[in-house]
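J.: As you go down the protein sequences, you meet chains A and B in turn. Here numbering that gives the first Met the number 0 is used: the first residue of the first sequence is 0, the next is one more, and so on. Here numbering that gives the first Met the number 0 is used: the first residue of the second sequence is 0, the next is one more, and so on. Beta carbons are placed, not taken as given, at the ideal position from N, Cα and C, and that holds for glycine. Please see the structure below; I have some questions.
2 protein chains.
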Amino acid sequence: MTMEAERVLREEEVGQLAELAAQLRVDAIRCSTKAGSGHPTSSLSAADLLAVLISRHLRYDWADPGNRGNDHLIFSKGHASPLLYAVFKAVGAITDQELVDTYRRFGSRLEGHPTPALPWVDVATGSLGQGLPVGVGIALAGQHLDRLPVHVWVLCGDSETAEGSIWEALDKAGHYGLRNLTAIVDVNRFGQRGETELEWDLDTYRRRVEAFGCRAIVIDGHDLVAIDDALGRARQATGPTVVLARTLKGKGVADIEDQPGWHGKPIKPEQAEQAVEALGGVRQIRVTGPRPEPVAPAPAPDRRPPELPRYDKGAKVATRNAYGDALRALGSRADVVALDGEVSDSTRSDRFAEAHPDRFFEMFISEQQMVAAAVGLQVRGYRPFASTFAAFLSRAYDFIRMAAISRADIALCGSHAGVEIGADGPSQMGLEDLAAMRAIHGSTVLYPSDAVSCAALVAQMVDCTGITYLRTTRGGHPVLYDNDETFPIGGSKLLRGGGHDHVALIGAGVTAHNCLAAAEQLAGEGIEARVIDLYSVKPLDSERLLDAARDTGGRLVVVEDHYPEGGLGSAVLEALADLAVPAQVCRLAVRGLPTSGTPTELMDQAGIGVSAIVTATRALLARTS
Amino acid sequence: MTMEAERVLREEEVGQLAELAAQLRVDAIRCSTKAGSGHPTSSLSAADLLAVLISRHLRYDWADPGNRGNDHLIFSKGHASPLLYAVFKAVGAITDQELVDTYRRFGSRLEGHPTPALPWVDVATGSLGQGLPVGVGIALAGQHLDRLPVHVWVLCGDSETAEGSIWEALDKAGHYGLRNLTAIVDVNRFGQRGETELEWDLDTYRRRVEAFGCRAIVIDGHDLVAIDDALGRARQATGPTVVLARTLKGKGVADIEDQPGWHGKPIKPEQAEQAVEALGGVRQIRVTGPRPEPVAPAPAPDRRPPELPRYDKGAKVATRNAYGDALRALGSRADVVALDGEVSDSTRSDRFAEAHPDRFFEMFISEQQMVAAAVGLQVRGYRPFASTFAAFLSRAYDFIRMAAISRADIALCGSHAGVEIGADGPSQMGLEDLAAMRAIHGSTVLYPSDAVSCAALVAQMVDCTGITYLRTTRGGHPVLYDNDETFPIGGSKLLRGGGHDHVALIGAGVTAHNCLAAAEQLAGEGIEARVIDLYSVKPLDSERLLDAARDTGGRLVVVEDHYPEGGLGSAVLEALADLAVPAQVCRLAVRGLPTSGTPTELMDQAGIGVSAIVTATRALLARTS
């Protein structure tokens, strides 16, 4: 045990902490009242917890937020941003003026909920139940990869424990024995519209936490000595700790303390002035908390291009296999890590796991936690690849959305796309994923048709910024490309034709193959069809579309193994509209609810098989000639 | 207690149950081996559980699956469909031939994972962790609304307990005291790619279940007497019960029983033949289990049109308020129920809750459970409306996707759409929801611009089939329509112009107002702009678009408070492409990552405010004139 943890607080120190807590309360009130919105009461309940944490336990160099020896502080209850920003003032990271004058204003980095626009904020929070799962990922990196004495402190609300994701997180924290993770739950017993489900039933919280493999410490969240003792014990624990702090919402302000109806409401100016006065007025206390231990800089990642797998042209190889092969090869870079939702033998991430077991994290069937862990791992500089069935990434859609707001750089792979999977039926088919992933801010969406292009794209994903999504196919389809071809993100491939073709057939993934077969058949009827492999769905190769529209009189057939809304066809239409290119686009997509069957039966049923493409092409030509 | 529960099984009865269990095993093997795919081993582990359940506890009239006195049987572990279909054969619901010859074939209703294509299947399963949450919804309906002695039996896998949604479900089962709900967990200790996280640690399972407010009964899942006793006790319990059954995966087949590497693999024909022989060969036992108690038919819902709220034209009313008002009015129908994710004072579903407290279910902050409960409630004939922030419905995207496969009729309301919400920042802004919801199979997507149209649409949602999504706005905007106007789903409104306009401005929700203001400004410059309120995003009013394109020389400006991919603009482009209507569509959407600010500041920043529309319109006209 360190000295801090052993030593009981002197009376004078308790007084100083109380002063700091009062300052945090005063500042949380001031900034939210000035802004006219925000969550002062949810800040007041946790002020004592934070006063002790930042003064005596959080090891952080505020002048150097990139220091890899720093602890991590995450506000899972992101709506308590007035408290977080009051902390930033107290440690000297921001000025009192910035706090009070800019909170929640247009152009300010002090947004309503914290985002990494602030250098001391690792991830955006505000969608409840996400900060702790992300903290698990950071703790995994710190303990299992960096092996550094950094600690992850996560302030949680009590309401958010109703989210299953909190229990996924505690379960994984216990499973991975994350002794560097402490969740502090601010049990103020009020949610947004009234009492929480468990109110102050601390014993039930304790039993839940313990059953999920974590140590629970129950305290009075306004007793500074008890808080100090709990946080000290948490840092020294041999596993993850959850400090369950019984608190009062609005603590410190008469008429508001422990009252319902005050969630998310700023205090009116006059009442706020009285409250500030009652709390002892405005202070400018500057806290100097513990410093991080000096640590060596991270080793520079080996950026040599990986030895990518090679495939024989014409051989039938599933792109999911190429994902596994390429990911394994990419593992030559020590910063590449992989996660899977207990289906690694299907997604083929098991090929990475076999080669690099120390950098593979089994998340079992908890896709939310898987994505959150990926976000946490990238906070500490790793390049995570997380995989499951495309259909099941939808389970983590809110986490992916928030990851984009966190400016996280993560690679996601969704296997078993579309009706092509066959007999397993619609519950296992990713049919909304292109629409959902394209709509994520700043995302990249890739859907290769063969193993060579898939491997080449995986190799590029490692250096992409933002959310990068790769869609892979279950079945084996012929390798189309030479091993030395390049596949830039934002590019496409001309698979057939290229002169003055009658029509262009545009596919990606499995439908590129169907387009090729259809073109062959159409050629027999004297119809020359250009075939384009649009492997980069976002960004899209507008140039190629422009050429195709120009050369074919604007006759395009887009074929996708996806529902008709928001997918490949829509991406093509959006690009053409933005270029103001006139075209006649025929979209073939999965319009009914699929069933079980063989891939060919299901693609034919859905109207995206070879004969459907031939028929649609003939009709388009008849209509436009 | 009933007689069944008290009476210990006679030896002869145990023998009969063992014979039935053997038949279920044999049939699970036969159908999956014949299909060449499927999950026999996950079926074998649970065969004894099901043999006892269907013979002695499940009260079900197999000839009348619509009987509202029937118990409910849900396979949360949907991949064990061979066992479920073997059950259907044993009770005489399907023939042996259908089972063995059609399982997983194209055109068969015996799909790889169960769907309501079968009349005895309430909901589709196959995305793990969803059957139990849906079961909670069914149990809520049975116990709290119907007040009938129907029991809900859910077979869960052990792997799926890693999903947080399982714990959301047990938490709500405990909270609502659902004594009519029994989860049977088949703890066979193997997941897809190896051991589960907890393997056979039944004690940890027990502690988790109990901490979450449910009774746990731990048994040997192959001991027929113990199973019978546990299920009998579960039926008589005063709260929800979880039967934790220790089982062997592949039970009953030598060389496979309790072996890894057998998940999701059919047994090869020769080995299957030996296994069937070892199990005593093919049987044609016909089970007659307990019958449901006779119950009165459901009262016919009061289908008189509700007394919708009325608004003054020009008054500023938020559409979220209109949602709450209309929902409250709709509560005159006794089959209308509402759920919320602890934000009812924001979504305004609290207005329903106040008027109809018995039909409002607080789900606290568990959006997955909220949607699942809605699905469960509609299984028993109710018309659920579930609401939270649009951004947070993304948390339940996999549940919404599965609800569509379940052919569920549910209404969802997402409030706080887009940057219009202002200071709370991007974590609270629904900006991907139109894309995500449009991509759901068979969905309806509505986005009204004013209170009158919102209320009219809410009134229609109650009778919609499939997933119906309503997007509402936080702030108050002027009422645009007279109270007696109609707003058919699939329609739109002409807000301005209609002759030979120079351009058409197309908006929905808040952007309809921005388009109106822009048109006013453009009129001052001599530019006549038609303004269209596209309140029905899916289905879309193609006719109106056709007219607008024709009358304006194809000049359309589409403005949306949503990211540029897959939303309103894409919907318009898709419709125009499908109609083969040439047009020059300029799309204005939220292209950057928003921050905090006022609604106007943020809409201007995003380029969807009035001046952006004016500028874009001028540019479009300059480009195309």
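#1: Quick check for students: name the residue ranges of the alpha helix (DSSP H) that lie wholly in the region 27-78 of chain B, counting only runs of 4 or more.
#2: At 7 Å on the CB atoms, spell out the chain A contacts of residue 630 of chain B, in chain order.
#3: Locate the alpha helix (DSSP H) running through residue 88 of chain B, then write down its first and last residues.
#4: Run down chain A in chain order and give the residues with a C-beta less than 7 Å from the C-beta of residue 460 of chain B.
#5: Quick one: is residue 76 of chain A buried, meaning 16 or more other Cβ sit within 10 Å of its Cβ, or exposed?
#6: Who are the neighbours of residue 190 of chain A on chain B, taking C-beta pairs under 8 Å?
#7: Let me know the secondary structure DSSP gives residue 181 of chain A once reduced to three states.
#8: Since residue 256 of chain A and residue 250 of chain A should fall inside the 8 Å C-beta cutoff, what is the C-beta to C-beta distance between them, to a whole number of angstroms?
#9: Should residue 71 of chain A go down as buried or exposed, given a rule of 16 or more other Cβ atoms within 10 Å for buried?
#10: Consider the Cβ of residue 473 of chain A: report whether some Cβ of chain B lies at a distance smaller than 8 Å.
#11: Is DSSP giving residue 194 of chain B helix, strand or coil here?
#12: Have a look at residue 632 of chain A and residue 171 of chain A and give me their C-alpha separation to the nearest angstrom.
#13: At 4 residues or longer, and completely inside the region 348-373 of chain A: list those alpha helix (DSSP H) runs for me, N to C.
#14: Answer yes or no: do residue 158 of chain B and residue 113 of chain B have a C-beta to C-beta separation smaller than 8 Å?
#15: For residue 42 of chain B, which option in B:325, B:25, B:518, B:239 has the closest C-alpha, if you only look at C-alpha atoms?
#16: Beta-carbon within less than 8 Å of residue 331 of chain A's beta-carbon, same chain only, minus the 5 sequence neighbours each way: which residues are those?
#17: I'd like the span of the alpha helix (DSSP H) that includes residue 468 of chain A, first residue to last.
#18: So if DSSP puts residue 166 of chain B in a beta bridge, which residue, or which two residues, is it bridged to?
#19: Can you pull the chain B neighbours of residue 391 of chain A, defined as C-beta to C-beta under 9 Å?
#20: Where are the alpha helix (DSSP H) runs, 4 residues long or more, that stay fully inside the region 205-276 of chain B, in chain order?
#21: Using a Cβ-Cβ distance under 8 Å, would residue 486 of chain A count as near chain B?
#22: Under the three-state reduction of DSSP, which class applies to residue 112 of chain A: helix, strand or coil?
#23: Compare the C-beta of residue 501 of chain A against all C-beta atoms of chain B and say whether one is closer than 8 Å.
#24: Interface residues of chain A around residue 349 of chain B at Cβ under 8 Å?
#25: If we count Cβ pairs, one from each stretch, closer than 8 Å, do we get three or more for the region 335-346 of chain A versus the region 490-505 of chain A?
#26: Under a three-way DSSP split, which group does residue 476 of chain B fall into?
#27: Identify whether residue 413 of chain B lies in helix, strand or coil by the three-state DSSP scheme.
#28: Could you name the residues of the same chain whose beta carbon sits closer than 7 Å to that of residue 402 of chain B, not counting the 5 residues immediately before and after it, in chain order?
#29: How many angstroms separate the CA atom of residue 387 of chain B from the CA atom of residue 245 of chain A?
#30: Starting from the N-terminal side, write out each stretch of the alpha helix (DSSP H) that is 4 residues or longer and does not extend beyond the region 481-523 of chain A.
#31: Listing by chain order, which chain A residues have their CB less than 8 Å from the CB of residue 175 of chain B?
#32: Within its chain, find whatever has a CB closer than 6 Å to the CB of residue 84 of chain B; leave out the 5 residues flanking it on each side and keep chain order.
#33: For residue 534 of chain A, decide whether its Cβ has a neighbour in chain B, counting only Cβ atoms nearer than 8 Å.
#34: So, under 8 Å CB-CB, residue 564 of chain A and residue 490 of chain B are touching, yes? Tell me the CB distance rounded to an integer number of Å.
#35: Does any C-beta atom of chain B lie closer than 8 Å to the C-beta of residue 455 of chain A?
#36: Return helix, strand or coil for residue 386 of chain A, following the three-state DSSP convention.
T.: Quick answer:
#1: 39-43, 46-51
#2: There is simply no residue 630 of chain B to check, as chain B begins at 0 and stops at 624 in what is shown.
#3: Sequence index remark: in the second sequence, residue 88 of chain B carries index 89 (1-based). Its alpha helix (DSSP H) spans residues 80-89.
#4: The sequence position of residue 460 of chain B within the second sequence is 461, counting from 1. Residues of chain A passing the Cβ test: none, with the nearest at roughly 19 Å.
#5: In the first sequence, the residue the question calls residue 76 of chain A occupies position 77. With 16 or more Cβ atoms within 10 Å of its Cβ, residue 76 of chain A is classed as buried.
#6: What you label residue 190 of chain A is simply residue 191 of the first sequence in a count that begins at 1. Ordered by position in chain B, the residues that pass the 8 Å Cβ test against residue 190 of chain A are 341, 363, 364.
#7: By 1-based counting over the first sequence, the position of residue 181 of chain A is 182. In the structure shown, residue 181 of chain A sits in a strand (DSSP, three-state: E or B).
#8: On the first sequence, residue 256 of chain A is found 257 positions in, with the first residue counted as 1. On the first sequence, residue 250 of chain A is found 251 positions in, with the first residue counted as 1. Yes, residue 256 of chain A and residue 250 of chain A are in contact; Cβ-Cβ is about 6 Å, under 8 Å.
#9: If you number the first sequence from 1, residue 71 of chain A lands on position 72. So residue 71 of chain A counts as buried.
#10: Position 474 of the first sequence, counted from the first residue, corresponds to residue 473 of chain A. Output row for residue 473 of chain A: interface = no.
#11: Looking up residue 194 of chain B in the second sequence gives position 195. It is a strand residue.
#12: As displayed, chain A neither begins before 0 nor continues past 624, which places residue 632 of chain A out of reach and without an answer.
#13: 349-354
#14: Taking the first residue of the second sequence as position 1, residue 158 of chain B is located at position 159. Taking the first residue of the second sequence as position 1, residue 113 of chain B is located at position 114. Not in contact: residue 158 of chain B and residue 113 of chain B (Cβ atoms no closer than 8 Å).
#15: For the purposes of this step, residue 42 of chain B is taken as residue 43 along the second sequence, with counting starting at 1. Nearest option by C-alpha distance: B:25.
#16: In the first sequence, the residue the question calls residue 331 of chain A occupies position 332. Counting only Cβ-Cβ distances below 8 Å, and skipping sequence neighbours, we find 301, 303, 305, 306.
#17: Taking the first sequence and counting its residues from 1, one reaches residue 468 of chain A at position 469. Not the alpha helix (DSSP H): residue 468 of chain A falls in the beta strand (DSSP E), residues 466-470.
#18: For the purposes of this step, residue 166 of chain B is taken as the residue at position 167 of the second sequence. Paired residues: none, contrary to the question.
#19: The residue given as residue 391 of chain A occupies position 392 in the first sequence. What residue 391 of chain A touches in chain B: 126, 127, 397.
#20: 223-235
#21: By one-based count along the first sequence, residue 486 of chain A stands at place 487. Chain B contact via Cβ: absent.
#22: Along the first sequence, read from residue 1 onward, the residue named residue 112 of chain A stands at position 113. DSSP places residue 112 of chain A in coil when its eight states are reduced to three.
#23: By one-based count along the first sequence, residue 501 of chain A stands at place 502. False, the Cβ-Cβ gap to chain B never drops below 8 Å.
#24: Within the second sequence, the letter at position 350 stands for residue 349 of chain B. Near residue 349 of chain B (Cβ distances below 8 Å), the residues of chain A are 192.
#25: no
#26: Taking the first residue of the second sequence as 1, we reach residue 476 of chain B at position 477. It is a strand residue.
#27: Here residue 413 of chain B is taken as the residue at index 414 of the second sequence, counted from 1. In this structure, residue 413 of chain B counts as strand in the three-state DSSP scheme.
#28: Within the second sequence, the letter at position 403 stands for residue 402 of chain B. Contacts found: 370, 374, 409, 466.
#29: Within the second sequence, the letter at position 388 stands for residue 387 of chain B. Within the first sequence, the letter at position 246 stands for residue 245 of chain A. Rounded to whole angstroms, residue 387 of chain B to residue 245 of chain A spans 28 Å at the Cα level.
#30: 509-523
#31: Residue 175 of chain B sits at position 176 when you count from the first residue of the second sequence. Neighbours of residue 175 of chain B on chain A: none; closest Cβ ~11 Å, over 8 Å.
#32: Position 85 of the second sequence, counted from the first residue, corresponds to residue 84 of chain B. Excluding residues within five positions, the ones whose Cβ falls inside 6 Å are 98, 109.
#33: Residue numbering aside, residue 534 of chain A sits at position 535 when the first sequence is read from its first letter. By this cut-off, residue 534 of chain A is not an interface position.
#34: Counted from its first residue, the first sequence places residue 564 of chain A at position 565. Counted from its first residue, the second sequence places residue 490 of chain B at position 491. At roughly 19 Å, the Cβ-Cβ gap does not stay under 8 Å, so residue 564 of chain A and residue 490 of chain B are not in contact.
#35: Locating residue 455 of chain A in the first sequence gives position 456, counting from the first residue. No, because no Cβ of chain B sits closer than 8 Å to the Cβ of residue 455 of chain A.
#36: Position 387 of the first sequence, counted from the start, is the residue given in the question as residue 386 of chain A. Residue 386 of chain A: strand per DSSP, three-state reduction.
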